[in-house]
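Reviewing the structure listed below.
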Amino acid sequence: MNTQDQLKKTVGEKAASLVQDGMKVGLGSGSTVYWLVRALGERMKQEGIHIEGIPSSIQTGEWANEFGVPLTDFATTKELDVTIDGSDEVDPNFQLIKGGGAALFREKIIAQAAEKLIIIVDASKMVKQLGAYALPVEILPFAWERTAYEIEKLGCVPVLRLKDGEPLITDNGNYIVDCPFEKIEDPVDLDQKLQKIVGVIETGLFIDMADSVIVGGSEGVTMKEK
Ligand SMILES: O=C[C@H](O)[C@H](O)[C@H](O)COP(=O)(O)O
C-alpha cells in the first residue's frame, strides 16, 4: 500500500471510531470512504455496535454489503446523525470541491440530511483556494452542449467526462462536465450562478456544509473543527 492509501485508511478508520451505537450514517463515495465502510463493518463485528447506513453511490452500497454494514433508505429515514465523505479539495473555510467519482448529487443529498458532515482526506486535498481541481458539475444529457455553453460563459471550458470513449452516465442517469476554473475566487457566487443554469442538476461545490475535516498527513491525523 502506498503512503497516500495508508493515509486514506488511517482517516477512514479514525472517522469510523467516532460513530456511535444506534447512529444512522450517510456513507459518502470514493477510495477514502472504502476504508471507512470497511472499518465500520469491523466495529460492528468486534464491538457489537449496530448502525444503519445510507450510501451515496451504487459502489458504496456494494462495499456496505461486502463488509456487513446494514443499509436503510430515505423512505424510512429522513434524517441522519452523521455523514462521512471524502473530498477532492478543501479550502480554509471548509468549502469543498467534490465529484471526482461522479457521485456528487447523492453525496450532497446525504450531506444535507445529516446533523453533521465529517470530511476525510489526505493532506494533498487541503488547498488555499479551490479550483485547481476541475469542478465536476452534473448536467442533464438533453441539450448538454447548450448547458456546457452557458457554463463556459462563467470562465472555463467544460469537458464532458467520458468512460470507455462514451459519455459517463452517473448513478442518476446524467452526464458530468469537468470545469477547469483553475482559481475560484468566490465559491458561493460561482455556485449560485451555476445553479441558475437550466440543465445543471447539481454542482460539486459543497458550500457551508462540512462541520469537521479529518486530515491525514506526515505528522499524523488531525481533526479540524469549524
Ligand atoms: O464523487 C466522488 C466523491 O466526491 C469523492 O468523495 C471524492 O472524489 C474523493 O474521492 P477519493 O477519496 O477517492 O479521493
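Note that my numbering has the sequence shown beginning at 2, numbered continuously upward.
Even for Gly, the Cβ is constructed at its ideal location relative to N, Cα and C.
Item to complete: Could you check if residue 46 is buried or exposed, using at least 16 other CB atoms within 10 Å of its CB as the buried criterion?
Response: exposed
Worksheet entry | Pair within 7 Å by beta-carbon distance, residue 118 and residue 210 | yes
Worksheet item: Helix or strand or just coil, what does DSSP make of residue 95?
Response: coil
Practice prompt. Look at the Cβ atom of residue 31, then the Cβ atom of residue 102, and state whether they are nearer than 7 Å.
Written response: yes
Item to complete: From the DSSP output, read off the bridge partner residues of residue 87.
Response: The partner list for residue 87 (beta bridge, DSSP) is empty, contrary to what the question assumes.
Worksheet item: With a CB to CB cut of under 6 Å and the five nearest residues on each side skipped, what residues in its chain are close to residue 84?
Response: 27, 111, 112, 115 and 118
Practice prompt. Look up residue 15 in the DSSP assignment and give the residues it is bridged to.
Written response: DSSP output for residue 15 lists no bridge partner at all.
Fill in: Where residue 129 falls, given that 16 or more other Cβ within 10 Å makes a residue buried
exposed
Discussion item. Suppose only complete runs of 3+ residues qualify. What are the beta strand (DSSP E) ranges in the region 40 to 77, listed by chain order?
Written reply: 53 to 56
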